[in-house]
Each structure stands twice: as structure tokens, then as C-alpha cells.
Amino acid sequence: MYTPRLTVVLLMAIILRIGIGLELDPVCCTPDQWEGRVYIDDAQIFYYIHMNGSAEVAYDFTNSRAFINATVVQKSLVLKPELQHYSVLYIEDYKNNVEYELDDGKTCQKAWMDFNMTKQCVQGGAKLLQSGVVGQGTNIETYNTTLGDQYQNIRATIERGSCLPVHLVYIDSDYGSVTSCDVYGITPGIKDTKIFDIPPQCKHVSPIYRKNQNYEYELDNGVYCQKTRLDVNMTKQCVQGGDNLLYSGVVGEHIITDTYNITLDKSVPNIRASIERGSCVPVHLYFTHKVVVTNVDVYNMTPGIKDTKIFDIPPQCKHASPKHRWTMDYLIKQMERNLVELKDLHFHASECRGHNAATYIRWGKSSCPQDSTLVYDGYGAGNHFNEGGSGSNFLCLPKNPEWKDYTSGQNEGTGRLYGVEYEIQTSKPYSKSFNDKDMPCAVCLTARSTVLMVPGKINCHEGWHKEFSGYLMSEYHTKTRTPSQYICVDEKLESVPGGDGNRNEAVVYPVEAVCGSLKCPPYVNGRELTCVVCSKEIN
Ligand SMILES: *[C@@H]1O[C@H](CO)[C@@H](O)[C@H](O)[C@H]1NC(C)=O
Ligand SMILES: *[C@@H]1O[C@H](CO)[C@@H](O)[C@H](O)[C@H]1NC(C)=O
Ligand SMILES: *[C@@H]1O[C@H](CO)[C@@H](O)[C@H](O)[C@H]1NC(C)=O
Ligand SMILES: *[C@@H]1O[C@H](CO)[C@@H](O)[C@H](O)[C@H]1NC(C)=O
Ligand SMILES: *[C@@H]1O[C@H](CO)[C@@H](O)[C@H](O)[C@H]1NC(C)=O
Ligand SMILES: *[C@@H]1O[C@H](CO)[C@@H](O)[C@H](O)[C@H]1NC(C)=O
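Below is the structure:
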């Protein structure tokens, strides 16, 4: 879940780590010791989140330590609670590589840092955007600088000469975020070194990361490897004695399963785990927490390890140095993960935003799937099966037409539009009881921004949401017939009430695949083709 903490983290990164990856001669560096207050303002525009607050910051390069005490308020239209207050104190002790984090003055976290303090400088390559004078003759300069590889577009305004920070803006146009910090009341030196005293709440806390040689390797998309110190011991995989047996049953070929309510740790209670009785082999796991529902099915499970090579460290990981959670890569990952979660939330809110929606026609039905909205329902209409002319597409005609100028009676020199009848000669793929009945249709609005009909599929491709599936239908195939569009008709057919007469005007038939130029396999001669209508949110 997105919390104000992340913005504080970003602020900390910007304020304290501005000189990261310093290779060229710096333009200027701040004094080795300074203190000041920072006003933070952060807007996640796409997600209706605004966060602001202030922090006391002390930078002490001389003694390799930093202090930040932030109090922020987050206001959001999509997150609950709407208003969140948050305060956090960080003391970073680079000499001993320890970081203390005190949340809301209560819980303290202590962590090892794989991180050295860097001098705070404007990098050599930074581009001077503008200079000027503010206040009582303070000369300032604004540079375009970077933080690591990812934060490419930080506008840093500093006081000329002293290099003390004045204002920082970071804009991420991909995520629609604008983060700005105003630094004020800044003075060189540290007045009160007591601020670096370890808070009493942190005194007996053991570090959440230990200095050990146990590592986890995470290879993302086969490209980027992250190496992290592991701070847990491996445990044997057991259902504990106290776990509550919820129910037992038999699955597949006489496999007896027992389902327990297990707890991973206090923060993850309520996991429903089904195991095979006797072997204890996992079969199914179900976990639900707030808006998250996770299901795991375990299959083809065999005892033993056939190929121990799978544990070989991937070559991409060979030269990765261990990461700590405050490294840029870690922060960026956290931000991205949070933003991915936010996108899900945002998706639910997007229906009211208006500009991100799409429509489609659900043929053969007069209602829309659950999370689409009905624009209108009506009657499927198209051209006559043997008249040759008129339109070639099908239309979904509303039930309450409006008229303007017209001539009554059928006239020459016009196109024609007829109601559509189903022609179902065998009982597959639809029941024959729909033969000669008229086809309804529904025009549906989805909050997702794009819609695609995929022929030959009943499931959508990854990342797409299924609106409905069914079968392709079109005009009969012989040359005496007027060609038509291929449409995707819902698999659970409905017919227009009262539209039972066998009129044979516009007609639709299930569509078969014909091998030849059409590749078989995968297609099979004579099979009725399926179809699915899918939608996707594109930002
Ligand atoms: C933070 O922003 C709110 C508006 O969302 C504003 O009312 C409040 O005064 C701001 N707080 C500070 C400390 O500027
Ligand atoms: C941090 O800020 C809070 C709220 O402004 C204040 O109560 C607390 O004393 C500060 N802590 C330190 C160590 O300065
Ligand atoms: C930090 O500095 C020490 C001493 O200069 C060095 O040995 C160590 O590798 C550095 N650590 C990192 C993560 O850069
Ligand atoms: C700042 O630098 C980044 C890349 O380093 C570039 O993409 C961006 O356009 C620059 N912005 C300005 C205002 O020069
Ligand atoms: C892991 O096991 C080692 C050796 O048995 C023990 O010293 C250490 O405290 C354990 N660590 C945790 C986090 O339980
Ligand atoms: C499972 O256990 C948790 C905590 O131990 C409890 O809150 C929850 O109600 C239990 N669920 C069931 C289905 O028994």
C-alpha cells in the first residue's frame, strides 16, 4: 500500500544523496555540516494524492551521519483513510553503517546499511538552467541534475558559492508525480549534536538486516539482478500443531486433503492451506487480506531435486553488489511497486474520469457484463441475405428510435436494414431452440480504455480483461448470399421476446474454420470458431 513514507524516503534520497555516482569534478559542494528545515510538497496527479509537510534535516559529513525528522499529511481521493498523518525520524550512522527509523514516535526499526555517505554536490555534468537573485541579494543557480540512473530530471536550485540547497523539484511525467522541496532557515554547522542521540525506543531493537553472507538473488525479466542480504533462516515446511483443521476432503484419484487455517507470522494470518494427508504436500493455498486475494495451486509435485543446476547463480547476478533497502535501486523498486498497486486502485476510479473508456457491442444479449455499464440495448440489424446491396455491417438498433424527415412507404433508391435472425441447424455450438429467433444486442461501456475482439479465443491475452466470450457468427457461406461482417455473439444466447417468426431476412450462422490456406493445426477443419471481447486500461 502506498504510504507517505515513500515520499519522505524520496525526499531523503534527494536531500542526502544528491552527489551519488559522482564522477566528474563537481560544480560545487555544500558545507560538510548544515541544518535546516524543508517543506515538502508531493502530488501524484494521476492518483489524486497530495502530500505535504515539513522536515528538520541535519547533514553531517564530518561525522558521517544524517538526521531527518519529518511530519507529513497525505490527502487522497482514492486511498482510505482519506487523510493520513505520519511522522518519521531517521538517524543515519554511516560510520557504523546503521540506520534508525522511528515511526510515529513509537516503533523503531534498525537496519544495516550497505552504503557510504557521499559528499553533497552538484555533479560536474549538471546543466545550468538559470541564475538569479532572491530575497536580500542571495544569488541562486538552478541546475538540471540526476540521482542515479533513474531520477533524471531533478531541478536543483542552490545558493551560489555556498552550494546550500534552496529548492528541489522532481517531476516524473510517466507517473504524473511532482515532488518539490523548499529548504529554508539553513545554517552551516550543527548546533546541537544531541539530535544524533539514539532515541530510547531504538535502544534494544535488533537490526532487521544482519551482516551475514546469506543472499537472495532476484532476476527481473531476465535482465536486472538484485542481490539482497537474507535475514531469515530457512524453516521446515510444516503445518503447525496448533493450526486449526477447517475441513477434509478427497480430490482427483482418491487424494485425501486436509485444509488448515495457518498463520505465517502475525502480519499474515488466515492462510487457508490444503495439503495432501500423509505426505503433507501442498495442494492449494488461499490468502485474502483487505483487497488482496491470492490463490496458489501446486501441481506435478515430485519429491527430490532432479537438477541441482537450477540453484546456480545466474550470470547476470555474478557482479551484483548486495543492495540495502535505502539504495536507489531499492527505493525505485518500492516506488514502482507502489505505483503498480496504485494503478489498480486508479483503475477502479477511472470510470468517473470520463476520458478513459471504450464501448463494444455484446451481440446476442440485452445486458452487459458485471463491470461494464449498459449504454443501451436493442435489436441486432443487418442486410437481407439475398439482396446483395445495402450495408455489410451489423448494427445494434436502439429500442426507442427517434425520427426526423422521412417519406412513408418503401421507396426505390434506398438501402435497407432488417432484423437479424439466428440460423442454428445443429445443436452446436448453440442450442437449436434458438433457430429462427431474433437477435438482441447490448452496447456496453467499459472503464478500460481500449477494446479488442479476438477470434478463435475464449480467454484474453495476459493483461487484458475478458468482457464476454462466445462464437463467431456471419452470413451463410454460399455465393448467392450477401456477405456480412463476422460478429462475436455471446455464448449464453438470448432472443428478442416475441421475435420467434421464421422470416429469413438478415440471418447469422455459426462460423466454421476451413483448412487450406488457414493453418491446421492449430485450426481444425469444420470446427465452430470461438471469440472473446477483451478490454484493457492503457494509460
Ligand atoms: C498542506 O496542504 C493543504 C492542502 O491540501 C493545506 O491546506 C495545508 O495548509 C498545507 N500544509 C502546510 C503545512 O503547508
Ligand atoms: C521530531 O518532530 C516531532 C514533531 O515535530 C517532535 O515532537 C520531536 O521531538 C522531533 N524529534 C526530534 C528528535 O527532534
Ligand atoms: C564504503 O567505504 C569503505 C571504505 O572506504 C569501502 O571499503 C566500502 O567498500 C564502501 N562501501 C560501499 C557500499 O561502497
Ligand atoms: C534534464 O536532463 C534530462 C536528462 O539528463 C533531460 O531529459 C531533460 O530534458 C533535461 N531538462 C532540462 C529542462 O534541460
Ligand atoms: C539463524 O540460525 C543461526 C544458527 O542456528 C542463529 O544463530 C540465528 O540467530 C538464526 N537467525 C534468525 C533470524 O533466527
Ligand atoms: C483463521 O485464524 C485467524 C487468526 O488465527 C482468525 O482470525 C480467522 O478467523 C481464522 N479463519 C477461519 C476460517 O477459521
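When you line the sequence shown up against mature numbering (1 follows the signal peptide of the UniProt record, and there is no 0), it's residues -21 to -1, 1 to 518, in that order.
Don't be surprised by glycine CBs; every beta carbon is placed ideally from N, CA and C.
message: Can you find the residues in the same chain that come closer than 6 angstroms, C-beta to C-beta, to R395, ignoring five residues on each side of it along the sequence?
response: The count along the sequence shown starts at 1 and reaches residue 395 at position 416. These residues qualify, in order along the chain: S369.
- prompt: Taking only runs of the beta strand (DSSP E) that begin and end inside the stretch 428 to 469, which ones reach a length of at least 3 residues, in chain order?
  reply: 429 to 434, 444 to 453, 466 to 469
- prompt: Going by the CB atoms, is the gap between G343 and residue 539 shorter than 8 angstroms?
  reply: Any answer about residue 539 is impossible in this case: the structure gives the chain only from -21 up to 518.
- request: Give a single yes or no on whether residue 536 has its beta carbon closer than 7 angstroms to a heavy atom of ligand 2.
  value: Here the chain covers residues -21 to 518 and nothing more, so residue 536 does not appear.
message: Taking the straight line between their C-alpha atoms, what separation do you get for L324 and Y27?
response: On the sequence shown, position 345 is the one that residue 324 refers to. On the sequence shown, position 48 is the one that residue 27 refers to. Interpretation of L324 is limited by its pLDDT of 45, a score under 50 that renders its predicted location unreliable; no figure is taken from the coordinates.
- request: Please report the Cβ distance between A49 and Y38, rounded to the nearest whole angstrom; I am assuming they are in contact, meaning their Cβ atoms lie under 8 angstroms.
  value: To locate residue 49, count along the sequence shown from 1; it is residue 70. To locate residue 38, count along the sequence shown from 1; it is residue 59. 15 angstroms between Cβ atoms; not a contact.
query: Taking the continuous beta strand (DSSP E) assigned at Y149, which residues delimit it?
result: Within the sequence shown, the letter at position 170 stands for residue 149. It spans 144 to 151 - the beta strand (DSSP E) in which Y149 sits, taken as one unbroken run.
- prompt: CB-CB under 6 angstroms to Y239, same chain, minus the five flanking residues each way: which ones, in chain order?
  reply: The count along the sequence shown starts at 1 and reaches residue 239 at position 260. Taken in chain order, the residues that qualify are V218, D222, L224, A252.
message: Please state the DSSP three-state secondary structure of F373.
response: Position 394 of the sequence shown, counting from 1, holds the residue named residue 373. The answer is coil: DSSP assigns F373 none of H, G, I, E or B.
- prompt: Among residues of its own chain, excluding the 5 on either side of C423, which ones have a beta-carbon nearer than 8 angstroms to its beta-carbon?
  reply: Locating residue 423 in the sequence shown gives position 444, counting from the first residue. Sequence-distant Cβ neighbours of C423 in its own chain, meaning closer than 8 angstroms and more than five residues away, are T338, Y339, I340, R341, C347, P348, S351, T352, L353, V354, E446.
- request: Give the DSSP bridge partners of R251, in chain order.
  value: For the purposes of this step, residue 251 is identified with residue 272 of the sequence shown, where counting begins at 1. According to DSSP, R251 bridges with N240, Y265.
- request: State the DSSP-derived secondary structure class of Y502, mapped to helix, strand or coil.
  value: Looking up residue 502 in the sequence shown gives position 523. Looking at Y502 - three-state DSSP - the assignment turns out to be coil, as it is neither helix nor strand.
- request: Return the Cβ separation of K89 and V184 in integer angstroms, given the expectation that the two are a contact with Cβ distance under 8 angstroms.
  value: Taking the first residue of the sequence shown as position 1, residue 89 is located at position 110. Taking the first residue of the sequence shown as position 1, residue 184 is located at position 205. With a beta-carbon spacing of about 5 angstroms, K89 and V184 fall inside the 8 angstroms limit used to define contacts.
message: Beta-carbon within less than 8 angstroms of C494's beta-carbon, same chain only, minus the 5 sequence neighbours each way: which residues are those?
response: Reading the sequence shown from its first residue, position 515 is the one you call residue 494. Around C494: Y502, V503, N504.
- prompt: Using the C-alpha atoms, what's the distance from M213 back to I47?
  reply: On the sequence shown, residue 47 is found 68 positions in, with the first residue counted as 1. On the sequence shown, residue 213 is found 234 positions in, with the first residue counted as 1. When rounded, the distance between both Cα atoms is 35 angstroms.
Span separating the alpha-carbon of N362 from that of M280: For the purposes of this step, residue 362 is taken as residue 383 along the sequence shown, with counting starting at 1. For the purposes of this step, residue 280 is taken as residue 301 along the sequence shown, with counting starting at 1. So the two alpha carbons sit approximately 56 angstroms from each other.
task: Under the assumption that C375 contacts G388 (Cβ atoms under 8 angstroms), give the Cβ distance between them as a whole number of angstroms.
output: Here residue 375 is taken as the residue at index 396 of the sequence shown, counted from 1. Here residue 388 is taken as the residue at index 409 of the sequence shown, counted from 1. Between C375 and G388 the beta-carbon gap is near 26 angstroms, outside 8 angstroms, which marks them as no contact.
Under 6 angstroms, CB to nearest heavy atom of ligand 2: contacting residues: N48, T50, S66, L68, I174
- prompt: Quick one: Cα of F373 to Cα of C420, how far?
  reply: In the sequence shown, the residue the question calls residue 373 occupies position 394. In the sequence shown, the residue the question calls residue 420 occupies position 441. Whole-angstrom Cα-Cα distance: 10 angstroms.
message: So for K515, helix, strand or coil by DSSP?
response: The residue labelled residue 515 in the question sits at position 536 within the sequence shown. Under the three-state reduction of DSSP output, K515 falls in the strand class.
query: CB V67 to CB C160, shorter than 8 angstroms?
result: The residue labelled residue 67 in the question sits at position 88 within the sequence shown. The residue labelled residue 160 in the question sits at position 181 within the sequence shown. Result no, Cβ atoms of V67 and C160 do not sit closer than 8 angstroms.
- request: Within 10 angstroms of the Cβ of Q109, are there 16 or more other Cβ atoms? Answer buried if so, exposed if not.
  value: Locating residue 109 in the sequence shown gives position 130, where the first residue counts as 1. The C-beta of Q109 has fewer than 16 other C-beta atoms within 10 Å across all chains shown, which makes the residue exposed.
query: According to DSSP, what are the bridge partners of H64?
result: Against the sequence shown, residue 64 aligns to sequence position 85. Per DSSP, V52.
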